[in-house]
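The numbering of the sequence shown is the working numbering, which starts it at 156 and goes up by one. Accompanying notes for the structure given below.
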Amino acid sequence: MAYKLLALDIDGTLFSSKKYILPQTKKMIRNVIKDGLLVTLATGRSYSFAKEIAKDLNIKIPIITHDGALIANCLEQPLFISKLPNEIVQKMIEMITDFQLDFELQQDPYSIINVRYPWKNFFNTKSLSALKYKFVEYRSSKFISNQDMLSYIKLNRIEPQKISIVAENEKKIQFIMKELLTKFHDQIRITYSGMGFEILPKDISKAFGLKVLSSELGIDSTEIIAIGDNHNDIEMIEYAGLGVAMDNAPQKVKKLANYVTRSNDENGIAYVIQRFYYSLKH
156 MAYKLLALDI DGTLFSSKKY ILPQTKKMIR NVIKDGLLVT LATGRSYSFA KEIAKDLNIK
216 IPIITHDGAL IANCLEQPLF ISKLPNEIVQ KMIEMITDFQ LDFELQQDPY SIINVRYPWK
276 NFFNTKSLSA LKYKFVEYRS SKFISNQDML SYIKLNRIEP QKISIVAENE KKIQFIMKEL
336 LTKFHDQIRI TYSGMGFEIL PKDISKAFGL KVLSSELGID STEIIAIGDN HNDIEMIEYA
396 GLGVAMDNAP QKVKKLANYV TRSNDENGIA YVIQRFYYSL KH
């Protein structure tokens, strides 16, 4: 099979455990792009964050961000965008603040947070590459207190691509997820990550984003390699002709993948490119 498109998750896949791209992986991706393979990012991160990584890797085609809610290589002219309606956002945030949860409303080119000091470990980062990416997050975040949040959302007609909620209490997470789905099941989709959950517009996923992008590029799903490490990568991994899980992925993700590569600290992406692109090409 001649693969034409490579889709990469960022956290836990492209990023090592120290939150930067290993030199060998970066070099391999840049080289394979020069050799004609189309490469995109498929991430839950914002476009503002992911575009810096795309530039670093010389990715030229649209990237899939916010778990599929925004696909673009230019924010002013997105290939696809989906938003959570303002009225629904107001109702959901009212519920979330009642539970005293930390959250982030991602509406590119910035995000709105209710935590005043989310970057307290900002300068503990030793890698310059990781520090650069952390600064992108820092500069695009706007703090609004819980008591002012609803009025801010209403006044500014905030319609985010995604809402991320962080909580350490498993029971609290499950309860609020159930409450939100009961009230808004026909308007939202929730993905669970273990440390919290994310609220997306209905039917949005990385797989959906990959379908939109591959259709635009005239590429069949069988010609796609998708690599990820977490639960929000499962649909994308199943959709692609070659779905790959990182060795650091949960067992559920590994079981559903066609292939399990090395971990994100062992250049797992570079290994896949060598084995399934270059070795089949020559």
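Glycine included, C-beta positions come from ideal geometry on N, C-alpha and C. Everything numeric in this text was worked out from a predicted model, so none of it was measured.
### Query
Got a sec, what are the start and stop residues for the beta strand (DSSP E) D257 sits in?
Here residue 257 refers to the residue found at position 102 when the sequence shown is read from its first residue. Segment 257 to 262, the beta strand (DSSP E) holding D257.
### Message
Relative to the C-alpha of P264, which candidate in I308, S306, S203 has its C-alpha closest?
### Response
Numbered from 1 along the sequence shown, position 109 holds the residue referred to as residue 264. Distance from the Cα of P264 is smallest, within the candidate group I308, S306, S203, for S203.
### Task
Measure the Cβ-Cβ separation of A371 and G396 and say whether it is below 8 Å.
As a working mapping, residue 371 is identified with position 216 in the sequence shown. As a working mapping, residue 396 is identified with position 241 in the sequence shown. The sequence given here has Glu at residue 371, not Ala. Not closer than 8 Å, so no.
### Query
Looking only at C-alpha atoms, which of I424, E421, Y394 sits nearest to L411?
As a first step, residue 411 must be located in the sequence shown, where it is residue number 256. Minimum Cα distance to L411 is reached at Y394.
### Query
Who are the Cβ neighbours of I214 in its own chain at under 6 Å, not counting the five residues just before and after it?
Here residue 214 is taken as the residue at index 59 of the sequence shown, counted from 1. Within the same chain, I214 has close Cβ partners V194.
### Task
Determine the burial state of T346: buried for a count of at least 16 other Cβ atoms within 10 Å of its Cβ, exposed for fewer.
Looking up residue 346 in the sequence shown gives position 191. Looking at its Cβ environment, which holds 16 or more other Cβ atoms inside 10 Å, T346 is buried.
### Message
Would S418 and M401 qualify as a contact pair, given that the criterion is a beta-carbon distance under 8 Å?
### Response
The residue you call residue 418 lines up with position 263 of the sequence shown. The residue you call residue 401 lines up with position 246 of the sequence shown. Their beta carbons are under 8 Å apart, which means S418 touches M401 by this criterion.
#### Entry: Assigned secondary structure, F170 (DSSP; H/G/I helix, E/B strand, else coil)
Counting from 1 along the sequence shown, the entry for residue 170 is found at position 15. In the structure shown, F170 sits in coil (DSSP, three-state: anything other than H, G, I, E or B).
### Query
Ends of the beta strand (DSSP E) at T220?
Counted from its first residue, the sequence shown places residue 220 at position 65. Per DSSP, T220 belongs to the beta strand (DSSP E) from 218 to 220.
### Query
Between Y175 and A205, what straight-line distance do the alpha-carbon atoms span, to the nearest angstrom?
By one-based count along the sequence shown, residue 175 stands at place 20. By one-based count along the sequence shown, residue 205 stands at place 50. Rounded to whole angstroms, Y175 to A205 spans 13 Å at the Cα level.
### Message
Can you tell me whether W274 is helix, strand or coil according to DSSP?
### Response
In the sequence shown, the residue the question calls residue 274 occupies position 119. Summary for W274: the model assigns pLDDT 44, below 50, so the residue's position carries little reliability, and this model does not support an answer.
### Task
For my contact list, G167 and D384 are in at a C-beta cut-off of 8 Å; report their separation, rounded to the angstrom.
Counting from one through the sequence shown, the residue named residue 167 turns up at place 12. Counting from one through the sequence shown, the residue named residue 384 turns up at place 229. G167 to D384, Cβ: 4 Å. Contact.
### Query
Do you know whose CA, among N422, Y432, Y426, lies nearest S172's CA?
Position 17 of the sequence shown holds residue 172. For the residues N422, Y432, Y426, the minimum Cα distance to S172 belongs to N422.
### Message
If you reduce the DSSP assignment to three classes, tell me which class R344 lands in.
### Response
Within the sequence shown, numbered from 1, the residue matching residue 344 stands at position 189. Of the three classes helix, strand and coil, the one that applies to R344 here is strand, per DSSP.
### Query
Do you know offhand how far T169's Cα is from I424's?
In the sequence shown, the residue the question calls residue 169 occupies position 14. In the sequence shown, the residue the question calls residue 424 occupies position 269. Residue identity differs from the one stated: residue 169 is Leu in this sequence, not Thr. One C-alpha to the other measures close to 7 Å.
### Query
So Y394 is in the alpha helix (DSSP H); what residue range does that whole segment cover?
In the sequence shown, residue 394 corresponds to position 239, counting from 1. Here the alpha helix (DSSP H) through Y394 covers 389 to 394.
### Cβ pair Q245, S319 closer than 8 Å
Here the question's residue 245 lines up with position 90 in the sequence shown. Here the question's residue 319 lines up with position 164 in the sequence shown. No, these two residues do not count as a Cβ contact at 8 Å.
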